[in-house]
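Notes follow the structure.
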Ligand code: HEC
Ligand code: HEC
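Residue numbers (my numbering): 201 to 485.
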C-alpha cells in the first residue's frame, strides 16, 4: 500500500500539466513529405483497439520537429537511408555476396516488406523483425557475422529497408504460425506495471496520452517511424532501444534486445499502429 502510494506520488511529480495548465493533445496538421507524398498519420482503429483513432507520434511533436520530417533534404535520418543502400550493395562475408546479389531488384523486392514486419519465421519458430531477418541472411546466405545489437550498419540497413515502404500502411499478419499467441503475450506485458514507479506502457501511452511528462508530450507510442532519428541523441534509435529506454524510465530492469519479451511487445505494439503509414526515418525529440 505504502509503496503504491509512493510510486503514484513520484509519477505525479513527473507529470506536468495534469491540471488545466497544459491542454496538450495531438496537433491538427498533415504530414506531406516534400510537398508530394501525404502520409496517413491518423486512421480509424480496428475492432478491439483501445483507441477510436490511431495517431502517429508526429502529431505530438513541435512544429520545427514536424517540419524536419516533412523535408527529406533536412531530415537527418535520410543519411542513414543512403548509408543503408551502400551496405545493401556491398559484398561481405565468405560467400562473396551482397544483399543485392540475391535480391536483385531492391525497389521491387523491398516495397511493402518493411510494413509487414514483424513476421512469422517458421524455421526459428518465432516472429522476426527486420533486424533478425538481416542477421539470418548474413549468417546463412552470406556467411558473414550477424550484427551486434544497435551496430551502426544494422541501424542503417534497417532504416533503408523500412524506408522502401514509406507511406504504405503498417499491417502485421497475425494468422501466420503462432503470431496470435505472441500478440497475447505482448498485450499482457503492455498492461503489466513494473519498476519502482509501478507503471505499465499503458499508464503513459494510454492513460496519460496527450499529457506532458517532464518536457515530453506523451503520444500513443506507435512504431511506424522506426528506426527513428532522435534530436536529443543526434542519431538513429532502433525500436528495441526505445522500448528499453521506456522501461528504464519506470526504473525497472529492461529485457535484452530481441528477447521474447521485446519481440512479443513489438508484435503487439505494431498491431496497435495498424494502418498508419510507414514514416521511417521519422524525426522525434
Ligand atoms: C545467397 C542469397 C542471399 C543473400 C546474399 C541475402 N539473402 Fe535475403 N534471402 C535469401 C533467401 C533464400 C530468403 C528466403 C529464406 C530465408 O529467410 O532465408 C531471403 C529472405 C530475405 C528477406 C525476407 C523476405 C520476406 O519475404 O519477408 C529479407 C528482408 C532479406 N532476405 C534481406 C536480405 C538482406 C538485407 C541481405 C543482406 C544483408 C540479404 N537478404 C542477403 C537469400 C539471400
Ligand atoms: C513513464 C512513462 C512511459 C512509459 C511507462 C512508457 N513510455 Fe514509451 N514513451 C514515453 C515518452 C515520454 C516518449 C516520448 C514521447 C512520446 O512519443 O510519447 C515515449 C515514446 C515511445 C515510443 C516512440 C513513439 C514515436 O512516435 O516515436 C514508443 C514506440 C514507446 N514509447 C513504446 C513504449 C512501450 C512499448 C512501453 C512499455 C514497455 C512504454 N513506451 C512505456 C514515456 C513512457
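Where a beta carbon is used, it is the ideal one built from N, C-alpha and C, also for glycine.
Nearest-angstrom Cβ-Cβ length linking residue i and residue j, presumed shorter than 8 Å
| i | j | result |
| --- | --- | --- |
| residue 315 | residue 368 | 4 Å |
| residue 330 | residue 479 | Contact flag wrong, Cβ pair sits at about 15 Å. |
| residue 481 | residue 359 | 5 Å |
| residue 485 | residue 241 | At roughly 16 Å, the Cβ-Cβ gap does not stay under 8 Å, so residue 485 and residue 241 are not in contact. |
| residue 437 | residue 363 | 15 Å between Cβ atoms; not a contact. |
| residue 327 | residue 382 | 5 Å |
Chain-order list of residues whose beta-carbon lies under 7 Å from that of residue i (same chain, five-residue window excluded)
| i | result |
| --- | --- |
| residue 342 | 292, 293, 295 and 297 |
| residue 353 | 287 and 347 |
| residue 290 | 298 |
| residue 302 | 341 |
| residue 250 | 406 |
| residue 285 | 360 |
Cβ shell of residue i (< 6 Å), same chain only, five flanking positions each side left out
| i | result |
| --- | --- |
| residue 276 | 429 |
| residue 450 | 394, 395, 397 and 399 |
| residue 372 | 470 and 471 |
| residue 283 | 356 |
| residue 234 | 272 |
| residue 344 | 292, 293 and 338 |
Inter-residue Cα distance where the pair is residue i and residue j
| i | j | result |
| --- | --- | --- |
| residue 440 | residue 456 | 9 Å |
| residue 434 | residue 355 | 14 Å |
| residue 221 | residue 389 | Bear in mind that the predicted position of residue 221 carries a pLDDT of just 37, short of 50, making it unreliable; the figure below should be weighed with that in mind. Distance between the alpha carbons of residue 221 and residue 389: 32 Å. |
| residue 377 | residue 274 | 41 Å |
| residue 403 | residue 300 | 44 Å |
| residue 366 | residue 392 | 32 Å |
| residue 322 | residue 349 | 22 Å |
| residue 466 | residue 386 | 7 Å |
| residue 477 | residue 230 | 12 Å |
| residue 253 | residue 401 | 18 Å |
| residue 310 | residue 454 | 32 Å |
| residue 416 | residue 267 | 18 Å |
| residue 332 | residue 278 | 22 Å |
| residue 442 | residue 317 | 17 Å |
| residue 203 | residue 335 | Only weak support is given to the placement of residue 203: the predicted model assigns it a pLDDT of 47, under 50, and the value that follows is read from those uncertain coordinates. One C-alpha to the other measures close to 43 Å. |
With 16 other Cβ atoms within 10 Å as the buried cut-off, status of residue i
| i | result |
| --- | --- |
| residue 304 | exposed |
| residue 459 | exposed |
| residue 325 | exposed |
| residue 468 | buried |
| residue 380 | exposed |
| residue 308 | exposed |
| residue 464 | buried |
| residue 483 | buried |
| residue 351 | exposed |
| residue 370 | buried |
| residue 269 | buried |
| residue 338 | buried |
| residue 261 | buried |
Close-in-space but distant-in-sequence residues of the same chain around residue i (CB under 8 Å, 5 per side omitted)
| i | result |
| --- | --- |
| residue 225 | 410 |
Under 8 Å: do the segment 422 to 430 and the segment 246 to 265 share three or more Cβ pairs, one atom per stretch?
yes
Is there contact between the segment 469 to 476 and the segment 234 to 246, where contact requires at least three CB pairs shorter than 8 Å?
yes
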